[in-house]
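Taken in sequence, the protein lines are chains A and B.
Convert by adding 859 to the 1-based position in the first sequence; the result is the number in this note's numbering.
At position 253 of the second sequence (counting the first as 1) the number is 249 in this note's numbering, and the numbers step up by one without a gap.
All remarks here apply to the structure that follows.
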Amino acid sequence: MLLSDLPIDRALLSAACPWIPTGPVLDLGAGHGQISELLQAYGFPVTAVDEDTRALAAVQAAHPELQVVECDLRQFEIAPEHWAAIVCLNVTPFLPQADVEALLMHLAAGLKPGGVLIFSGFHADDPGCAYLMAEDAHGQPAPTGQVSLALLPRFFSDWPVWFAFEGPVEDDHPPQGPHRHVLSQWIIQKPEVPLATINWSALPRLGTGMGWRAALHEEILASEAIEFLEIMTDDHHSPELDQRLLALRQRYTLVPHGVELSPGTPGGASEAYLKDVARIVARCDSPWWSDHLCYTHSPRYRTHSLNPLPPGEESLATVLSNLKRARQNIPRPLLLENPAYYAAVSPDPLQEAAFFKQIVESADCGILLDVANLMGNAYNLGLDPYTYFDALPAERIVQLHLAGGRLLEEVLFDTHDRPIWQETWELLRYVLQHSDVRAVSLEWDDNYEVPARILEEVQALRRVQRQFGLRL
Amino acid sequence: MSLSSYQNTWIEMLMYPERSAEILASTADLTPAERILLAAVSPERLQTISKTVIYSRISAFVRVVPANLRSLLPADRLEAMARDYAYREPLASLYPLAQQTRQWLDFLAAALSAENEQHLRDLIRFEQLKSRFSHYEKPAPRQKLRGPVLSPACGLLLASPDFAALLQAIWQEQSLPAYDNNTRQGYLVFENPEREVGLLPLHWGLYHVLQTCNGQQSWAEVLDAVCKSHPELTADHSTLCQWEAYLRQRGWLRDWQSVA
């Protein structure tokens, strides 16, 4: 474990926010609320716990949106697997040793998988440890509780350690004035639970949504038709955009939808890419995430297009290997989308449907069926979209995409900038009749001049979805 | 190996549809079935697909060009440069966006070589600097340094003394000011937590001091070294010394680095 030369400070916590997953944050021993304030301002719902009545009253007056709880933190019940982060800075000196260790167990249990513990306490070398700073349950003075990094393997054995510090820290506050502490500090993450076999019929029903686009932000917020939002994963890799995502997440269920996973490329996506996606999926706290069954790049070239894969053993092995790595890094159900085909990649289009089925079943993925792509592929390749659909495993179709395309020199392109084609609406009705989809969303990527027209498409989708009995 | 060859061949055919038959014929590592499939795409269809696929790659590069710069470059010229870049750098990606955009902007800066395009080159350097700014980082151990370095939310720019006026004109959509292409002025460019970007013109001595700060020497040591190589700065020594406190107070200097 590499130790930090410098202790936790406000700047470090402020910079860490994008790596705290979505969910409530607990500030145990919040004192004057500086950390609660910082996390609340970023967008987390924060509960501040302290037994200092005056400090808490001041915190509450300054930040009415904070939830404050006045109690001895030993009396605060930490619900299991509830908190996205727990901040517990230097409260253990006021607890006897046995209570400190009980607290560590409660903290470990209270974080949800992927949650982050930010902890600081007095080390045995702290001058305060020579005093009876703690109180036992009967209010009697007791030796100051101590912690050290040696406790990590005992209470948090398999937790990734992001930050660890043990050493002297200069402090200056009344009534002591300048003085020295010796602290043990850590920032650690509760391990994610590996993805088990997925019960596809148990996924939540999200209703009707659309892809979030900055150009339509105000209209989206004002629309009552939108029940969930899809965000472009690859537009959100920068942590600088995380706060915007968190704000959207407070209002909507978000589903990340990517274009760069490229499961068909030998070697697949980089570890760094997968880790970024994992952070975005954690921020969205989404019931699933999605990308395309395609390749965007080859060893020699990169496109910004979703190129369909030729069915075959090598394609199958490549995709399965890449999806296995994706699944290890991102423990949420993955949906694969059928891309647009502008040229055949096999002599028989039904072979592609069989290939798609084989992949989703072997990799335990769901299907994001792009109904517009299916209709476009029918047009471009001369296949029967209904027969193609019937060859897919309907129980794995979780989400549908709808969009309008553009006809260019006899090829129908998936341009996402036109109203949905009439034939696509008809196919949608058939798909809804013959599957139990959880979510339907509109993709619209250009020609934003008449937002009301775009949102009318979402309304129309919602009507059709309700007509075919999508329960929410 | 065959899958990679198939993918390389298909993308190459899309990039050069007029040479598709030649490309296909020169690719050895394809199965007979793959060869038949690729050969079955008619030249007309290939042209049509190519236009869309190539356009989609070009427009992705155009889209990530910062708005300040896009507003000064005619769309057709920018598109032509993006096309050139897409072909010269067939593996250029847009992930991770900031890093990859810098490479593309380097290409643009090199392509804008005319003397009267100095303002565009300055603007590109400014945008590249901005793309490096960050306010967030995953918690990691912090290593104490011997001396200061610039914080990741600011950086140094050498541009025309008219650069600030140029930016103002762009932001306020006014006509561009006269631009001194020859004189260079050092600036500290910074971004505050509200993501507002500011520009602080620097005394040339201070620019040199900041440029030399690499965490290995204290401010005083850096200053002494700079004054030694530029004796004409000796008179400014005490003023330059005082800048350290101000820069620290603004959060533009720090004495540590993250070691992930």
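Heads up, the beta-carbon is just placed ideally off N, CA and C, and yes, glycines get one too.
Cut-off 7 Å between Cβ atoms - residues of its own chain near residue i, not counting five sequence neighbours on either side
i	result
S1 (chain B)	T23, D25, L26
T208 (chain B)	V218, A221, V222
I120 (chain B)	L65, L101, L104, A105
A35 (chain B)	L20
R250 (chain B)	P144, V145, S147
DSSP three-state assignment for residue i, whether helix, strand or coil
i	result
M1091 (chain A)	strand
P1169 (chain A)	coil
L1105 (chain A)	helix
P952 (chain A)	helix
G1241 (chain A)	coil
D158 (chain B)	coil
C1153 (chain A)	coil
Q139 (chain B)	strand
A996 (chain A)	coil
L976 (chain A)	strand
S254 (chain B)	strand
R15 (chain B)	helix
T881 (chain A)	coil
A24 (chain B)	coil
S67 (chain B)	coil
H1163 (chain A)	strand
Q1005 (chain A)	coil
Chain B within 9 Å of residue i, Cβ atoms only
i	result
H1076 (chain A)	no
G1241 (chain A)	no
L1133 (chain A)	no
R1321 (chain A)	no
G1263 (chain A)	no
I1189 (chain A)	no
I1046 (chain A)	yes
V1041 (chain A)	no
D1093 (chain A)	yes
Y1201 (chain A)	yes
L1331 (chain A)	In this prediction, L1331 (chain A) scores a pLDDT of 49, lower than 50, which makes its location untrustworthy; no coordinate-derived value is stated.
V1028 (chain A)	no
Below-9 Å beta-carbon distance, residue i vs any chain A residue
i	result
P144 (chain B)	no
P92 (chain B)	yes
R84 (chain B)	no
A24 (chain B)	no
Y2 (chain B)	yes
E228 (chain B)	no
M77 (chain B)	no
V37 (chain B)	yes
R53 (chain B)	yes
I19 (chain B)	no
V255 (chain B)	yes
S89 (chain B)	yes
E240 (chain B)	no
E8 (chain B)	yes
W252 (chain B)	yes
E217 (chain B)	no
6 Å CB neighbourhood of residue i in its chain, flanking five on each side removed
i	result
P137 (chain B)	V255
G892 (chain A)	A907, V918
K140 (chain B)	W252
M1234 (chain A)	P1244, E1282, T1283, L1286
A161 (chain B)	P173
L1259 (chain A)	L1228, V1230, V1296, V1299
Own chain partners of residue i with C-beta closer than 8 Å, once the 5 adjacent residues on each side are dropped
i	result
T912 (chain A)	E929
G247 (chain B)	S147, A149
Q1187 (chain A)	P1053
R84 (chain B)	F103
(request) Could you list the residues in the region 865 to 894 of chain A with a C-beta less than 7 Å from some C-beta on chain B, going in chain order? (result) L865, L871, A874, A875, C876, P877, W878
(request) Just list the alpha helix (DSSP H) runs in the region 182 to 230 of chain B, keeping only unbroken ones of 4 residues or longer that don't cross its boundaries, in chain order. (result) 200 to 208, 215 to 225
(request) Check each residue of the region 1272 to 1285 of chain A: if its Cβ is closer than 7 Å to any Cβ of chain B, include it; give the result in chain order. (result) F1272
(message) For the region 106 to 140 of chain B, list every residue whose C-beta sits within 9 Å of some C-beta in chain A, in sequence order.
(response) F129, S130, H131, Y132, E133, K134, P135, A136, P137, R138, Q139, K140
(message) Counting only Cβ-Cβ distances shorter than 8 Å, please list the residues of the region 1014 to 1025 of chain A near chain B, keeping chain order.
(response) W1021, F1022, A1023, F1024
(message) Please give the ranges of any alpha helix (DSSP H) in the region 903 to 938 of chain A, keeping only runs that are unbroken, at least 4 residues long and fully inside the region.
(response) 912 to 921
(message) Which runs of the alpha helix (DSSP H) at least 4 residues long sit entirely within the region 1211 to 1288 of chain A? Give them in chain order.
(response) 1230 to 1240, 1244 to 1249
(request) Within the region 85 to 127 of chain B, note down every full alpha helix (DSSP H) run reaching 4 residues or more, in order along the chain. (result) 93 to 107
(request) Select from the region 39 to 50 of chain B all residues with a C-beta closer than 9 Å to any C-beta belonging to chain A, and list them in chain order. (result) E40, R41, L42, Q43, T44, I45, K47, T48, V49, I50
(request) Please list the residues of the region 1145 to 1164 of chain A that have a C-beta atom closer than 7 Å to any C-beta atom in chain B, keeping them in chain order. (result) Y1154, S1157, P1158, R1159, Y1160, R1161, T1162, H1163, S1164
(request) Taking a Cβ distance cut-off of 7 Å, strictly less, list which residues of the region 159 to 185 of chain B are near chain A, in chain order. (result) none
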